[in-house]
Amino acid sequence: MLRIYPEEYRQFQCIASACRHSCCVGWEIVVDEQTAKRYQQAEGDFAKTVRGALAHTDDGTVFRMEQGRCAMLQKDGLCRIIREWGDSSLCEICREHPRFHNRFPGVWESGLGLCCEEAARLTLTRQAPLRLCAEETDDLQSERPDEKTTAVLHLRGAALALLQNRSMPLFHRLSLLLALGTDAQLCLEREDIGALLCLCNAYGDEAHHGELWQMLSARVPSDRDPAWPVRRMALYLSRLPALETAWQTDMIKLLRGCPRRLMLFGRRAEIFYEQLACALLFRYFSADCLNERDALGACRFTVLAVLLCLSLEMRLSPRGTGGNAARLDIVRRFSAEVEYQPQALAHLRTMIWEEPAFETSALLRALV
Ligand code: SF4
Numbered sequence: 043m044l045r046i047y048p049e050e051y052r053q054f055q056c057i058a059s060a061c062r063h064s065c066c067v068g069w070e071i072v073v074d075e076q077t078a079k080r081y082q083q084a085e086g087d088f089a090k091t092v093r094g095a096l097a098h099t100d101d102g103t104v105f106r107m108e109q110g111r112c113a114m115l116q117k118d119g120l121c122r123i124i125r126e127w128g129d130s131s132l133c134e135i136c137r138e139h140p141r142f143h144n145r146f147p148g149v150w151e152s153g154l155g156l157c158c159e160e161a162a163r164l165t166l167t168r169q170a171p172l173r174l175c176a177e178e179t180d181d182l183q184s185e186r187p188d189e190k191t192t193a194v195l196h197l198r199g200a201a202l203a204l205l206q207n208r209s210m211p212l213f214h215r216l217s218l219l220l221a222l223g224t225d226a227q228l229c230l231e232r233e234d235i236g237a238l239l240c241l242c243n244a245y246g247d248e249a250h251h252g253e254l255w256q257m258l259s260a261r262v263p264s265d266r267d268p269a270w271p272v273r274r275m276a277l278y279l280s281r282l283p284a285l286e287t288a289w290q291t292d293m294i295k296l297l298r299g300c301p302r303r304l305m306l307f308g309r310r311a312e313i314f315y316e317q318l319a320c321a322l323l324f325r326y327f328s329a330d331c332l333n334e335r336d337a338l339g340a341c342r343f344t345v346l347a348v349l350l351c352l353s354l355e356m357r358l359s360p361r362g363t364g365g366n367a368a369r370l371d372i373v374r375r376f377s378a379e380v381e382y383q384p385q386a387l388a389h390l391r392t393m394i395w396e397e398p399a400f401e402t403s404a405l406l407r408a409l410v
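Sequential numbering of the sequence shown, starting at 43, is according to the working numbering.
Here it is, written out as structure tokens:
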């Protein structure tokens, strides 16, 4: 079994009481069955306190919320269960968050979700390009990635290399990512693994990127509004239930005045947004390709997320004075409101294929 994870994955440590946007506030925490059983069987006064903090709902056993905070969260921002019993007594969600895992034949991938402020800081403020670690695990040694999984992982490697070609403006790299996603989609639909591997050579080699960009940019229609995709995305997001009303308010602000000249504005934070694009591609590209035969959707989602976060930064801080602190907050909110809201994510992933403003040509217009 091959284990793949970004370099910073192992460095992550919850900052607990120093966290300004704790995951124990505002989210309902569902307790897995095994842990719920353990809590029911535990003895002692504290076990009674834990059981008193549980509620049974349609979602299963959850921690009760008191004024929007998990009932086990102390005033100082620390968890009572960790204090009394230690980390190993946490339920699965609390133990794992913000880590995510994707499993494919012979491969187990793990990463850090960007809705956690510490995970976002580690992931997005790194100057060096994203580096993935790969190691063989002792368990299930005999299981190896199959041919398709191997091809998709290679192609994602090429896509990441493309996004990390810092000799080109980020918007040009994102445009080429859409071209890669379009070509990969055709290969997946035809189940043509050989052609998928050929794409690795075509897009993975830095020497070809300039030429590919020239060919692509000549085909981009100039008669469309570059802000159209972000405006439509803001419209959808403004209509969906949100964790914070401020998010809906910001979406309405974008809808009413969507910034232009994003490319110029984004130049001051190209590495930050490159890291965002790489983190999203790492999380979604292989999973979507292998589970849903959807390469282009993952690329469109990545591009839309960068455009939305950048537009919001420009709208809220037109001179870019907020720096990385403001950017991190925007990405954290995007992740919490979109990536970690099943309804919003599912809606957006469907619209990516149905909404004309999210077609590749419209996204290219926003980037070129
Ligand atoms: S959001 Fe991240 S840093 Fe904050 S409490 Fe949760 S896991 Fe810890």
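Where a beta carbon is used, it is the ideal one built from N, C-alpha and C, also for glycine.
> Does the beta-carbon distance from S209 to V410 come in below 8 angstroms?
Replying inline: As a position in the sequence shown, residue 209 is number 167, starting the count at 1. As a position in the sequence shown, residue 410 is number 368, starting the count at 1. The answer is no: Cβ separation not under 8 angstroms.
>> Looking only at its chain, what residues have a beta carbon closer than 7 angstroms to the beta carbon of A161, apart from the 5 residues adjacent to it on each side?
In response: Numbered from its first residue, the sequence shown carries residue 161 at position 119. Result list for A161: F54, P140, L154 and G155, in chain order.
> How about A58: is its Cβ closer than 7 angstroms to a heavy atom in ligand 1?
Replying inline: In the sequence shown, residue 58 corresponds to position 16, counting from 1. Yes, since a heavy atom of ligand 1 falls inside the 7 angstroms radius drawn around the Cβ of A58.
>> So G223 and A337 are supposed to be a Cβ contact under 8 angstroms. How far apart are they, rounded?
In response: What you label residue 223 is simply residue 181 of the sequence shown in a count that begins at 1. What you label residue 337 is simply residue 295 of the sequence shown in a count that begins at 1. So it is a contact: roughly 5 angstroms between Cβ atoms.
> Hey, how far is the Cα of C341 from the Cα of F327?
Replying inline: Residue numbering aside, residue 341 sits at position 299 when the sequence shown is read from its first letter. Residue numbering aside, residue 327 sits at position 285 when the sequence shown is read from its first letter. Between C341 and F327, the C-alpha separation is close to 7 angstroms.
> Is L205 closer than 8 angstroms to E50 when the C-beta atoms are compared?
Replying inline: Counting from one through the sequence shown, the residue named residue 50 turns up at place 8. Counting from one through the sequence shown, the residue named residue 205 turns up at place 163. No, Cβ-Cβ distance for E50 and L205 is not below 8 angstroms.
>> According to DSSP, simplified to helix, strand and coil, what is V104?
In response: The count along the sequence shown starts at 1 and reaches residue 104 at position 62. In the structure shown, V104 sits in a strand (DSSP, three-state: E or B).
>> Whether or not the region 341-358 and the region 294-311 are in contact is what I'm after, with contact meaning three or more pairs of Cβ atoms, one per stretch, closer than 8 angstroms; do they touch?
In response: Segments in contact, yes.
> Hey, which unbroken runs of the alpha helix (DSSP H) at 4 residues or more fall wholly within the region 363-409?
Replying inline: Within the region 363-409, the complete alpha helix (DSSP H) runs of at least 4 residues are 365-376, 384-396 and 402-409.
> Looking only at its own chain, which residues have a Cβ that is under 7 angstroms from the Cβ of M393, when we skip the five neighbours before and after it?
Replying inline: As a first step, residue 393 is located in the sequence shown; it is residue number 351 there, counting from the start. The beta carbon of M393 sits closer than 7 angstroms to the beta carbons of Y278 and F400 from its chain, once the five residues preceding and following it are set aside; these are given in chain order.
>> Quick check on DSSP: helix, strand or coil for G246?
In response: Position 204 of the sequence shown, counted from the start, is the residue given in the question as residue 246. In the structure shown, G246 falls within a helical segment according to DSSP collapsed to helix, strand and coil.
> To which residues does DSSP link H141 through a beta bridge?
Replying inline: For the purposes of this step, residue 141 is taken as residue 99 along the sequence shown, with counting starting at 1. Residue 141 is actually Arg in this sequence, not His. Beta-bridge pairing links R141 to L154.
> Excluding five sequence neighbours on each side, which residues of the same chain lie with their C-beta closer than 6 angstroms to the C-beta of R198?
Replying inline: Working through the sequence shown from its first residue, we reach residue 198 at position 156. Closer than 6 angstroms at the Cβ level, and outside the excluded window around R198, lie F327 and S328.
> F105 and V149 look like a contact to me (Cβ under 8 angstroms); what is the Cβ gap, rounded to whole Å?
Replying inline: Working through the sequence shown from its first residue, we reach residue 105 at position 63. Working through the sequence shown from its first residue, we reach residue 149 at position 107. Between V149 and F105 the Cβ distance is about 33 angstroms, and since that is not below 8 angstroms, they are no contact.
> Cα separation between E233 and L332?
Replying inline: By one-based count along the sequence shown, residue 233 stands at place 191. By one-based count along the sequence shown, residue 332 stands at place 290. Their backbone Cα atoms lie some 11 angstroms apart in a straight line.
> In three-state terms, what does DSSP make of V348?
Replying inline: Here residue 348 refers to the residue found at position 306 of the sequence shown. Residue state, collapsed to three classes: helix.
> Rounded to the nearest angstrom, how far is the Cβ of L195 from that of L318, given a contact under 8 angstroms?
Replying inline: Sequence index remark: in the sequence shown, residue 195 carries index 153 (1-based). Sequence index remark: in the sequence shown, residue 318 carries index 276 (1-based). With 8 angstroms as the limit, L195 and L318 do not qualify as a contact, their Cβ atoms being about 21 angstroms apart.
> Which residues share a DSSP beta bridge with F146?
Replying inline: For the purposes of this step, residue 146 is taken as residue 104 along the sequence shown, with counting starting at 1. Answer is V149.
> Straight-line CA distance for L285 to Q109?
Replying inline: Numbered from its first residue, the sequence shown carries residue 285 at position 243. Numbered from its first residue, the sequence shown carries residue 109 at position 67. Cα atoms of L285 and Q109: separation of roughly 14 angstroms, rounded to the nearest angstrom.
> Under the DSSP definition of a beta bridge, which residues are partnered with E178?
Replying inline: The residue given as residue 178 occupies position 136 in the sequence shown. The partner list for E178 (beta bridge, DSSP) reads L44.
> Quick one, which of A201, K90, Q116 and T77 has its alpha-carbon nearest A58's?
Replying inline: Against the sequence shown, residue 58 aligns to sequence position 16. That would be Q116, whose Cα lies nearest to the Cα of A58.
> G128: buried (16+ other C-beta within 10 angstroms of its C-beta) or exposed?
Replying inline: Taking the first residue of the sequence shown as 1, we reach residue 128 at position 86. Counting the other CB atoms within 10 Å of its CB gives G128 a total below 16, which places it among the exposed residues.
> At what residues does the alpha helix (DSSP H) containing H196 begin and finish?
Replying inline: The count along the sequence shown starts at 1 and reaches residue 196 at position 154. Taken as a continuous stretch (DSSP letters only), the alpha helix (DSSP H) holding H196 covers E189 to L205.
>> Using 8 angstroms as the threshold, is the C-beta distance between V67 and R111 below it?
In response: Stepping through the sequence shown from its first residue, residue 67 is reached at position 25. Stepping through the sequence shown from its first residue, residue 111 is reached at position 69. In this structure, V67 places its C-beta atom within 8 angstroms of the C-beta atom of R111.
>> With distance defined between alpha-carbon atoms, name the residue in A221, L230, E189 and I372 nearest to A244.
In response: For the purposes of this step, residue 244 is taken as residue 202 along the sequence shown, with counting starting at 1. With distances taken between Cα atoms, A244 lies closest to A221.
>> Considering only their Cβ atoms, is the gap separating L405 from V345 smaller than 8 angstroms?
In response: Stepping through the sequence shown from its first residue, residue 345 is reached at position 303. Stepping through the sequence shown from its first residue, residue 405 is reached at position 363. Yes, they are a contact pair.
> Between which two residues does the beta strand (DSSP E) harbouring T99 extend?
Replying inline: Residue numbering aside, residue 99 sits at position 57 when the sequence shown is read from its first letter. Residues L96 to T99.
> According to the Cβ coordinates, are F146 and P171 closer than 8 angstroms?
Replying inline: By 1-based counting over the sequence shown, the position of residue 146 is 104. By 1-based counting over the sequence shown, the position of residue 171 is 129. No, the pair does not count as a contact, with Cβ atoms beyond the cut-off.
> So A269 packs on M293, CB below 8 angstroms; how close in whole Å?
Replying inline: Here residue 269 is taken as the residue at index 227 of the sequence shown, counted from 1. Here residue 293 is taken as the residue at index 251 of the sequence shown, counted from 1. Not really, about 14 angstroms apart at Cβ, beyond 8 angstroms.
>> Strictly by DSSP, which residues pair up with L115?
In response: Numbered from its first residue, the sequence shown carries residue 115 at position 73. Answer by DSSP bridge pairing, in chain order: C121.
> Should L309 be labelled buried (16 or more other beta-carbon atoms within 10 Å of its own) or exposed?
Replying inline: Your numbering for residue 309 matches position 267 in the sequence shown. The sequence shown places Arg at residue 309, rather than the Leu named in the question. Exposed.
> Among K190, E248, W255 and R273, which has the Cα closest to the Cα of I235?
Replying inline: For the purposes of this step, residue 235 is identified with residue 193 of the sequence shown, where counting begins at 1. Nearest C-alpha to I235: K190.
>> Taking 8 angstroms as the threshold (C-beta atoms), are L238 and A200 in contact?
In response: If you number the sequence shown from 1, residue 200 lands on position 158. If you number the sequence shown from 1, residue 238 lands on position 196. Contact: no.
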